[in-house]
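The numbering of the sequence shown is the working numbering, which starts it at 549 and goes up by one.
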Amino acid sequence: MRILVCISNVPDTTTRIKFVDNFTRLDTSGIQWIINPWDELSLTRALELKDIPANNIQQVTVAHVGLIASEPTIRKALAIGADDAFRINAEPTDAYFVAAQLAEVIKNNPYDIILCGIESSDYNGSTVGGMLAEFLGIPSVSAVSFLNIENGQVVIHRDIDGGKEILTIPSPFVAIGQKGISKEPRIAAMRGIMMARTKPIKVSEPFTFESMTEVKKYELPKPHAACKFIDPELPGQLIEMLQNEAKVI
549 MRILVCISNV PDTTTRIKFV DNFTRLDTSG IQWIINPWDE LSLTRALELK
599 DIPANNIQQV TVAHVGLIAS EPTIRKALAI GADDAFRINA EPTDAYFVAA
649 QLAEVIKNNP YDIILCGIES SDYNGSTVGG MLAEFLGIPS VSAVSFLNIE
699 NGQVVIHRDI DGGKEILTIP SPFVAIGQKG ISKEPRIAAM RGIMMARTKP
749 IKVSEPFTFE SMTEVKKYEL PKPHAACKFI DPELPGQLIE MLQNEAKVI
């Protein structure tokens, strides 16, 4: 059995975001790039499954659409434990473009289980996994909070309104992982970091697909208003402010 984990390269969540060129382009200077957290949890789960000999998982591969500047993030995935990687040498312009590029590579390199994070922490689109499954013509399961292999069958738990759904699914399929698919990301050990230097990253040129969307301009959220403190002995002042300023009562 072979597992593929799709990963994206996103700014660290503590990074202060800035835009340039009249708010039409992200200023990438000084940004610390990381594996998208939901993708990293999916990768951790894939490696946990591989650690169990009875699961008979021969390979865990990571896939990424991005330019050469994203290779340190791919190397981190290899240091965590992925066996190899492939990178499609293109700017990931939108979800449709990314899913289409990944699908073309996967068609020539089939996998039994394809894992995607539920969303990326930069655009929060939540669409690549579903699009990828459609391009490949295979099933997809969203909101996956648990994935295991039991008696040769893949067992999946997914969160639904008011409960949890448990199902089995034949391979190949796309699983879209969310919080809970693994408890916490795996940390790269020194041996893994050293081994990652020699693990292969296969680079391919992009296929011809047009992006379906275009970013015209970014806009920062409005700053929060300053806090106002009310004397607890003056409840009337609070009521007046809620009525006339906040207009919530």
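Glycine residues also receive a C-beta, built at the ideal position from the N, C-alpha and C atoms.
May I ask which residues mark the beginning and end of the beta strand (DSSP E) holding residue i?
i           : result
residue 662 : 661-665
residue 580 : Unbroken run through residue 580: none, as it is neither H nor E.
residue 552 : 550-554
residue 725 : 721-725
residue 701 : 701-708
residue 740 : Counting along the chain, residue 740 falls outside any beta strand (DSSP E), though it belongs to the alpha helix (DSSP H) covering 738-744.
residue 559 : 557-559
residue 711 : 711-717
residue 763 : Segment: none, residue 763 is in no beta strand (DSSP E) and carries neither H nor E.
residue 749 : 749-752
Mapping the DSSP letters down to three states, classify residue i as helix, strand or coil.
i           : result
residue 800 : Outside the modelled stretch of the chain, which goes from 549 to 797, sits residue 800, for which no answer is possible.
residue 636 : strand
residue 791 : helix
residue 591 : helix
residue 768 : coil
residue 572 : coil
residue 607 : strand
Alpha carbon to alpha carbon, how far is residue i from residue j?
i           : j           : result
residue 669 : residue 642 : 14 Å
residue 671 : residue 796 : 31 Å
residue 635 : residue 791 : 56 Å
residue 551 : residue 793 : 56 Å
residue 746 : residue 608 : 16 Å
residue 731 : residue 563 : 24 Å
residue 578 : residue 739 : 28 Å
residue 618 : residue 639 : 10 Å
residue 734 : residue 561 : 18 Å
residue 773 : residue 566 : 21 Å
residue 781 : residue 613 : 59 Å
Please return the same chain residues whose Cβ sits closer than 6 Å to the Cβ of residue i, not counting the five positions on each side in sequence.
i           : result
residue 681 : 688, 722
residue 610 : 553, 555, 625, 630, 633
residue 571 : 765, 766
residue 757 : 645, 648
residue 736 : 627, 628
residue 705 : 693, 694, 712, 714
residue 702 : 717
residue 621 : 557, 581, 583
Residues in its own chain within less than 8 Å of residue i by CB, not counting five upstream and five downstream?
i           : result
residue 786 : 778
residue 720 : 658, 659, 660, 661, 662, 684, 686
residue 741 : 627
residue 776 : 789
residue 653 : 611, 634, 636, 752
So residue i is in the alpha helix (DSSP H); what residue range does that whole segment cover?
i           : result
residue 653 : 643-656
I'd like the list of long-range same chain contacts for residue i, defined as Cβ closer than 7 Å, with 5 residues on each side in sequence excluded.
i           : result
residue 683 : 647, 648, 651
residue 586 : 665, 666, 667, 725, 726
residue 831 : Nothing about residue 831 can be read from this structure; the chain reaches only from 549 to 797.
residue 729 : 589, 590, 593, 692, 693, 694, 695
*Segments of 3+ residues assigned as beta strand (DSSP E) that fall wholly inside the region 666-699*: 688-698
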